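Undergrad:
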Amino acid sequence: MYTPTECKKFILPVRDVIDIIGGKWKLPIIIALSFKIHRFKELERQIEGITPRMLSKELKELEINGLINREVFNTMPVAVEYSLTDYGKSLDKVIETMRDWGLAHRNKIRNE
1 MYTPTECKKF ILPVRDVIDI IGGKWKLPII IALSFKIHRF KELERQIEGI
51 TPRMLSKELK ELEINGLINR EVFNTMPVAV EYSLTDYGKS LDKVIETMRD
101 WGLAHRNKIR NE
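Below is the structure:
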């Protein structure tokens with residue numbers, strides 16, 4: 001049996017993860033970048049329903065947390081590409097587990 005202190009120690013790191021990758025848009029951005037490097041407009045097209053303003057905000061937060069790289073090219077017009085850092089790639093197994101659970105949940109709900 002867990003004590004309240006042990007329970008809090010278990011909850012805290014999970015809350016940290018939710019703070020960093022939670023919300024409607026961060027996981028779809030991370031998943032899109034796990035398939036390939038994208039420019040801003042490509043990401044906007046890939047992730048249905050996201051506004052440019054929201055995409056910009058989420059990309060900045062993901063960059064601050066070290067999950068993505070933002071590379072600016074000195075071209076005309078300026079090109080910017082986004083990619084996952086190695087730290088961002090460390091979420092692959094977590095996302096795969098979430099995907100598997102989501103698929104199982106969909107099947108469970110459909111079959112009830």
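Mapping to UniProt numbering: the sequence shown position 36 is 36, numbers consecutive.
Heads up, the beta-carbon is just placed ideally off N, CA and C, and yes, glycines get one too.
All values derive from a computational prediction rather than experimental measurement.
For Ile68, name the three-state secondary structure that DSSP assigns.
TA: If DSSP states are grouped into helix, strand and coil, Ile68 belongs with the strands.
Undergrad: Going by DSSP, what residue range makes up the alpha helix (DSSP H) through Glu81?
TA: Element bounds for Glu81: not the alpha helix (DSSP H) but the beta strand (DSSP E), Ala79 to Leu84.
Undergrad: For a quick check, are the C-beta atoms of Ser83 and Leu33 less than 9 Å apart?
TA: Cβ distance < 9 Å, so Ser83 and Leu33 count as in contact.
Undergrad: If you follow the alpha helix (DSSP H) that Asn107 is part of, which residue opens it and which one closes it?
TA: Segment Asp92 to Arg110, the alpha helix (DSSP H) holding Asn107.
Undergrad: How about residue 120 and Leu43: are their beta carbons less than 9 Å apart?
TA: There is simply no residue 120 to check, as the chain begins at 1 and stops at 112 in what is shown.
Undergrad: Hey, would you say Arg53 sits closer than 9 Å to Glu63, going by beta carbons?
TA: No, Cβ-Cβ distance for Arg53 and Glu63 is not below 9 Å.
Undergrad: In the DSSP assignment, find the alpha helix (DSSP H) that holds Ile21 and state where it starts and stops.
TA: Pro4 to Ile21 is the span of the alpha helix (DSSP H), which, as asked, contains Ile21.
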